[in-house]
Amino acid sequence: MEMELSVKAAIQSQLDGVRTGLTQLHSALLDVKDIQSSLADVSKDWRQSINTIENLKDVKDAVVQHSQLASAVENLKNIFSVPEIVRETQQLIEQGELLQAHRKLMELECSRDDLMYEQYRMDSKNTSDMNLISIYFEDVQGLSDELAKQLWMVLQRSMVTVRRDPTMLVSVVRIIEREEKIDRRMVDRKKQSGFIPPGRPKRWKDKMFEVLEGTVSTRIEGTQAVTREVDKMWLVRLLEITRKYVLDDLIIVKNLMVQCFPPHYNTFNRFFSLYHNAVSSRVKELASDDLEANEIVSLLTWVLNTYKSVQLLGHMFLCCVMSFTDISQLLPLLRKEEVKMLVSKVVACQVFIFIPFGCFQSNITGWLRKALDTDKKDWQKETEPEADQDGYYQTTLPAIVFQMFEQNLQVAAQIDGDFKEQVLKLCLKQMNSFLIRYREEAVAYKEEHLRDRQLPQCYVQYMIAIINNCQTFKESINSLKRKYSQSSELSDSDSVIERTLNEVAKDGCQFLLDEVFLDLENHLNELLTRKWLIGSHAVDTICVTVEDYFNDFNKIKKPFNQEMTNDALRRVVIEYIKAVMQKRIAFKNAEERKDGAERMIKEAEQFKFLFKKLAAGEGTDRLCGAIAAIAEVFKLTDPTLLFLEVSTLVSKYPDIREEHIQALLAVRGDASREMRQMIIGTLSENKVSSTSVMQPIFKDITVPTITMTTMTSMATAKLLK
5 MEMELSVKAA IQSQLDGVRT GLTQLHSALL DVKDIQSSLA DVSKDWRQSI NTIENLKDVK
65 DAVVQHSQLA SAVENLKNIF SVPEIVRETQ QLIEQGELLQ AHRKLMELEC SRDDLMYEQY
125 RMDSKNTSDM NLISIYFEDV QGLSDELAKQ LWMVLQRSMV TVRRDPTMLV SVVRIIEREE
185 KIDRRMVDRK KQSGFIPPGR PKRWKDKMFE VLEGTVSTRI EGTQAVTREV DKMWLVRLLE
245 ITRKYVLDDL IIVKNLMVQC FPPHYNTFNR FFSLYHNAVS SRVKELASDD LEANEIVSLL
305 TWVLNTYKSV QLLGHMFLCC VMSFTDISQL LPLLRKEEVK MLVSKVVACQ VFIFIPFGCF
365 QSNITGWLRK ALDTDKKDWQ KETEPEADQD GYYQTTLPAI VFQMFEQNLQ VAAQIDGDFK
425 EQVLKLCLKQ MNSFLIRYRE EAVAYKEEHL RDRQLPQCYV QYMIAIINNC QTFKESINSL
485 KRKYSQSSEL SDSDSVIERT LNEVAKDGCQ FLLDEVFLDL ENHLNELLTR KWLIGSHAVD
545 TICVTVEDYF NDFNKIKKPF NQEMTNDALR RVVIEYIKAV MQKRIAFKNA EERKDGAERM
605 IKEAEQFKFL FKKLAAGEGT DRLCGAIAAI AEVFKLTDPT LLFLEVSTLV SKYPDIREEH
665 IQALLAVRGD ASREMRQMII GTLSENKVSS TSVMQPIFKD ITVPTITMTT MTSMATAKLL
725 K
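Counting from 5, one number per residue, gives the positions in the sequence shown under the numbering used here.
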C-alpha cells in the first residue's frame, strides 16, 4: 500500500515538472516574437536615417568653413598689421637686433602659413587665392633672405665676433636652431597633409656649416703674402703663418666657441675637421707646385713633424680635447704616394732625405719604446750586466739610441743645416719623453723587486747600470750637440733633459740605499736600547753591511757614486740620532750615562773610519761629530755644567730645536724640571740663526710626541715598580 502511494507521488511530481516546462517554452516563444518585431522597427528607422545623414553634408561643409573663418578672424589682426610688422622687422635687422627681428619674422611666416594651409585644406586646386596670399606676404621672403645674410656675415667673422661679442654668435645659433625646429614641423605636416609653406625647409643649419667651411678655407688659403721671387723663405713663412692661424683659431674654438653652440653640435671636432681638411687641401696644392729641393724638405718637415707636434696639434691647450692617440689616427695631410713623389724630386736634385714614408716622430717614438722594452728584458737576467773598460756596469741602451740618432742626423746634415737643427731638436724632445718613461720603468723595476727581494737576482747590479746609463746619456747628448748643433747655448730642452737624467740617477741611488737600509732596519732599531747598552754588535753589523754593499756600489760612475756615499753617511748618522730622539732608553745613573756616552763616541769613530775609507766628502767629521757631541751631553758628570755643554752643542749645530734638547735631557735622565726649563729658556733667548748652516743635521729629525696611551703605560710601569 505504501509502495503504491510512493509511485503515485513520483508520477504526480513528474507531471508537474512537464507542465512547468511547457509553460516556460510558451513564454519564450512570445519573447522571440517581440524581439523580431523590435528588430524590424530598428531596421526601418536605420533606413530612414541614411537619408538624414546625407542631408547633414551641408552642415559638415559649414563646420569646415567656420573653422577656416575662425582661423582667419584669429589672424585678422596680424593680417592687417603685416606692413607695419614688415617695417619693424626691417629696422631690427638693420640695427643688428637679430633675435627680435627673427621673432617678428616668425609671426609673419606663421600668419602666412596658417592662411595658406587653411586655403589648401578648403580648395587645394584654387591657385588664384593661394597666389593672392603669396602676393600679400611677398615681403616676408625678402626679410628672411636679409636676415639670413646677416647671420652668414656674423658666422663669417665668428673668430672675431666670439671674442668681442659672443652673445651675437649665440643669438645666431639660437635663430638657426629655431628654424631647424620649424623645418622639422613643416616636413612632418607635409607627410600628413601634403602641404608645405613656400621656402621650406630652409636648411639654415646646413648652410651655417657651409659658411663656416668657406670661412676656414678662405683663412687658410689667404696665408700666402709673398712669392718666391720676393722672398726665398716664402714657403717657411707661409707654413709658419698657417701653423699660427690654425693653432690660435683652434684654441679660440676650444676656449670660447664651444660655449656658444649646443653640446650635440660636437663643435670642436667639427671645427677641427674643417681646419684639417682646409690645411690638407692647401698642402696638396703646394705639393703640386714646382717646388725647389729645400722647399720640399721644409714642406715635408712641416707636414710630417710640425703639424702633429706640440707646436700645433700637440699643443698643451689642445691636448685637453684631443689625445695623442686621436692625433696619430688622423688622415695624413699627404698620402704616401704624394710623399714618395716629393722625395723622388729631392733625390733627382742629388739630395737624399731620410724620413720614411710616414711620420718621423711616430717612428722615433716607436724605436725608442722598442729599445727600452729590449733593455727591460735584460734587467731580469740572472747574470750581471756588462762592464765598460773602467769596470762600470752598463747596458747597451744608450749605444742603441744614439746610434739611431747619429745615423738620422748624418743624413739630415746632407740635406739642410736648418733641417739638421730641427731633427736634432726633435731627437732631444723625444729623448726627454723617453727619459720620463725610463724613469717610470726604473720605479716599476724597484717596486717589482720589493714584492720579492730575491728577484730579480741581479737587481742591485742592473740598478747600478741604470744609474750609469744616465751619465752615458749626458755624454752622448753633449757629443751630438757639439757635432750637429751650431748653437752652444743651453736650450729649455737641454735643461729639462739634464734635470730628468739627474732625477733618474738620484732615484736609482735612493732605491739602492733603500735596499741597504732594509737590511739594516733591525740593527738600527737596537740602537740606544737596553740591549745596546749592555753590549750589542748592531753598529759592527751596520758597518760590515754598508761596506759589503759599497763594494758593488763602486761600479757606479762619478759623480753619482760620490753623492751616494755622502747620502749613505748622512742617512746612517740621522738614523742614529733619531734613535736618540725616540727616547728608547733613559739612563738611570752616572755609570750608565758614562757607558752609553763612551759607546756612542766609539761608534761615531767607527762610522767616521768606514766612510772615510769609502771616500765620503768633507762633511764626514761634522756628521759623525754630531753623535760625539750628543755623547758629551750624556757623559757630563756635574749637572750644574749641563747648560754649558748643551750650549756648546747648539753652537756647533744651530739647526737643533727645543724638542731635540728636551729629548736629550730626557734620555740623560737626571735633569730636573726646573733645570730643563732654565736651559731651554736661556737657549731660546740666545738662539743662533740656523739659516747659515752649511749642512743641517737636525732639520729633518722629528721628535715623537708622547701620546696619552704612552703616558698611561709609563705611569703604570712606575707604579708596578
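Ideal Cβ positions, reconstructed from N, Cα and C, are used throughout, including at glycine. Remember, predicted model here, so these are calculated numbers, not experimental data.
Rounded Cβ spacing between residue i and residue j (contact assumed at less than 8 Å)
i, j, result
"Ile-404", "Ala-446", "Ile-404 to Ala-446, Cβ: 17 Å. No contact."
"Met-134", "Met-120", "6 Å"
"Val-215", "Leu-159", "5 Å"
"Leu-145", "Ile-97", "Reading off the sequence shown, one finds Gln at residue 145, where the question assumed Leu. Not really, about 14 Å apart at Cβ, beyond 8 Å."
"His-664", "Phe-702", "6 Å"
"Tyr-580", "Ile-631", "6 Å"
"Pro-643", "Ala-619", "Actually they do not touch by this definition, with Cβ atoms about 41 Å apart."
"Met-585", "Ile-705", "6 Å"
"Cys-264", "Lys-385", "No, Cys-264 and Lys-385 are not in contact; Cβ-Cβ is about 60 Å, not under 8 Å."
"Lys-592", "Gly-673", "6 Å"
"Glu-299", "Leu-337", "Not confirmed; about 16 Å, so no contact."
"Ile-501", "Asn-436", "5 Å"
"Leu-151", "Leu-112", "Between Leu-112 and Leu-151 the Cβ distance is about 11 Å, and since that is not below 8 Å, they are no contact."
"Glu-649", "Ser-688", "Not really, about 17 Å apart at Cβ, beyond 8 Å."
"Arg-575", "Leu-517", "6 Å"
Classification of residue i by the beta-carbon crowding that lies within 10 angstroms, buried from 16 upward
i, result
"Asn-473", "buried"
"Leu-669", "buried"
"Val-191", "exposed"
"His-453", "buried"
"Thr-624", "buried"
"Ser-175", "buried"
"Gln-52", "exposed"
"Val-734", "Residue 734 falls outside the range modelled here, since the chain spans only 5 to 725, and no answer is possible."
"Thr-399", "buried"
"Pro-87", "exposed"
"Leu-278", "buried"
"Ala-652", "Reading the sequence as shown, one finds Thr at residue 652 and not Ala. Thr-652 comes out exposed."
"Asn-273", "exposed"
"Arg-168", "exposed"
"Glu-225", "exposed"
"Gln-40", "exposed"
"Asp-20", "exposed"
Assigned secondary structure, residue i (DSSP; H/G/I helix, E/B strand, else coil)
i, result
"Ile-357", "Because the pLDDT of Ile-357 is 40, which lies under 50, any placement of that residue in the model is unreliable, and the number read from its coordinates should be weighed accordingly. Three-state DSSP puts Ile-357 in coil, outside helix and strand."
"Ala-675", "coil"
"Tyr-397", "strand"
"Ala-391", "strand"
"Gly-370", "helix"
"His-541", "coil"
"Glu-113", "helix"
"Val-707", "coil"
"Lys-587", "coil"
"Cys-363", "Residue confidence is low: Cys-363 scores 38 on pLDDT, short of 50, so the model does not pin down where it sits. Its coordinate-derived value is still stated next. In this structure, Cys-363 counts as coil in the three-state DSSP scheme."
"Asp-625", "helix"
"Arg-232", "coil"
"Ile-15", "helix"
"Arg-574", "helix"
"Arg-339", "coil"
"Glu-663", "helix"
"Tyr-657", "coil"
"Ser-489", "coil"
"Arg-204", "coil"
"Pro-460", "coil"
"Val-176", "helix"
"Ile-701", "coil"
"Lys-48", "helix"
"Gly-1", "Nothing can be reported for residue 1: it is not among the residues displayed for the chain, which extend from 5 to 725."
"His-319", "coil"
"Asp-593", "As written in the sequence, residue 593 is Asn, which differs from the Asp given in the question. If DSSP states are grouped into helix, strand and coil, Asn-593 belongs with coil."
"Ile-255", "helix"
"Arg-23", "helix"
"Val-240", "helix"
Under 8 Å, with one C-beta from each stretch per pair, do the segment 502-513 and the segment 539-546 reach the 3-pair mark?
No contact exists between the segment 502-513 and the segment 539-546.
Counting pairs of Cβ atoms below 8 Å between the segment 558-567 and the segment 387-399, do you hit three or more?
The way I'd put it, the segment 558-567 does touch the segment 387-399; three or more beta-carbon pairs between them come closer than 8 Å.
Tell me whether the segment 334-346 and the segment 282-292 touch, counting them as touching only if at least three CB pairs, one residue from each stretch, are closer than 8 Å.
Flag = yes, the segment 334-346 and the segment 282-292 touch.
Quick test of the definition: if touching needs 3 or more C-beta pairs under 8 Å, does the segment 181-189 touch the segment 243-252?
Segments in contact, no.
Okay, do the segment 429-439 and the segment 491-504 touch, 3+ Cβ pairs below 8 Å being the bar?
The segment 429-439 is in contact with the segment 491-504.
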